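Structure first, then comments.
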Amino acid sequence: LKSDLSSIYKFAIKKNYILPEQNPMTYVTVEEKGLNEQLEQLKNKDIENHYLERNELNEVLSIVRKHNSQYARILEFQVLTGMRIGEVLGLKTSAISFDTGKVKIERTRATYGGASNDNYEGDVKNKQSYRTIKLSKKALLLLQEEIEINQHHIIGNPDYRDNNWIFSSKSFYKTDFNGTPLHYSVINNFLNSSETGKITKTGHVKKVGINIDNQLTFKKHISTHIFRHTFVSHMAEKNVPLLAIQRYIGHKTGSKITEEIYTHITKKTSDTITESIDTLID
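Just so we're aligned: the sequence shown equals residues 64 to 345 in our numbering.
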């Protein structure tokens, strides 16, 4: 709530609706919860619902591929990089170096109403989010596959406007958007739309999304953010240091959900510690 109000007042100052000294949010602070309250909250939180196990991930991607191969590539790329969905959709070819295998994350797919329709660009979330990371071979292949499909549209689709976006719209029904970057809400609606199954005024059944939660053999809510968290859990399983994970995904230190997932995963493997201790002394 504080964050939203701060954004509103900043916008008001920018538009000269109020003076900077009239911003009351400067003096608003949010107190930290007490230790007992934090521990109780952690105890009651089912952290396993925030990420996917390997078999669960494969099940989800398999279902998505059957319905939309592009969305499957996007979600697979997200889980291979830990990037926010807006950062993935905000990628341009100019940010990728296939020679070095690195990507510069410097923009996000704008999610606010004031974004220009010409570029849809917004700033990354914070200073830590502005970063350069090295991609895995699988992640690079996914980008190359999407770029190759874009090239076919550039050559053979007269409605396609190439502005170097990688994960762009290629709709036969909304030709005005061909070449523009996808919005994260489109993918979340595809995964779980509240409109799917509703009857239209003409008596037809709406099919906006695939209601993936109802197709799974396990009970977890699937949204785009769970794939970022799945990256964190997989890196924790591989014993990658927490600080290195946070730097890679553009999280500032102290991110609660990242630390909670990391702590949960490392606790599961803590039984091996006692075996390792005895190897310290010959």
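C-beta atoms are modelled at their ideal positions from N, C-alpha and C, and glycine is treated no differently.
Keep in mind it's a predicted model, so treat the numbers as computed, not measured.
Sequence-distant Cβ neighbours of Ser199 in its own chain, meaning closer than 6 Å and more than five residues away, are Leu143.
Within the DSSP bridge table, the entry for Lys155 names Trp228 as partners.
In the three-state reduction of the DSSP assignment, Ser286 falls in the coil class, being assigned neither a helical nor a strand state. Per the C-alpha coordinates, the member of Ile328, Ile285, Asn241, Glu211 positioned closest to Lys301 is Ile328.
In terms of CA proximity to Phe281, Glu111 leads the group Glu111, Tyr80, Tyr90, Phe74.
Assignment of Thr144 by DSSP, reduced to helix, strand and coil, places it in the helix class. In the DSSP assignment, Ser160 is bridged to Lys165.
Using a C-beta cut-off of 8 Å, the stretch 261-272 makes no contact with the stretch 231-248, since fewer than three inter-stretch Cβ pairs fall below that distance. With at least 16 other beta carbons inside 10 angstroms of its own, Glu209 counts as buried. Between the stretch 142-160 and the stretch 283-292, the count of Cβ pairs shorter than 8 Å is three or higher; the stretches touch.
If you check the CB distance, Arg194 and Ile168 come in under 8 Å.
For the pair Ser256 and Lys155, the Cα-to-Cα distance works out to about 28 Å. Spatial neighbours of His113 in its own chain (CB-CB distance under 7 Å, excluding positions within 5 residues in sequence) are listed in chain order as Ile289, His292, Ile320, Ile324. CA-CA distance, Ser157 to Asn213, rounds to 14 Å. For Pro87, the secondary structure class from DSSP, reduced to helix, strand or coil, is helix. For Lys65, the uninterrupted alpha helix (DSSP H) segment begins and ends at 65-77.
With a contact defined as Cβ atoms closer than 8 Å, Lys233 and His216 qualify at about 6 Å. Of Arg310, Asp222, Thr171, the smallest CA-CA separation from Asp239 is found for Asp222. Spanning the alpha carbons of Arg172 and Lys331 requires a straight line of approximately 36 Å. Per DSSP, the beta bridge partners of Thr195 are Lys167. With fewer than 16 neighbouring CB atoms inside 10 Å of its own CB, Ile344 falls in the exposed class. Straight through space, the alpha carbons of Gly272 and Ile126 are spaced by roughly 12 Å. In the structure shown, the three-state DSSP call for Val268 is strand.
His130 and Ile229 have their alpha carbons spaced roughly 20 Å apart. With contacts defined by Cβ atoms closer than 8 Å, Lys197 and Gly164 form a contacting pair.
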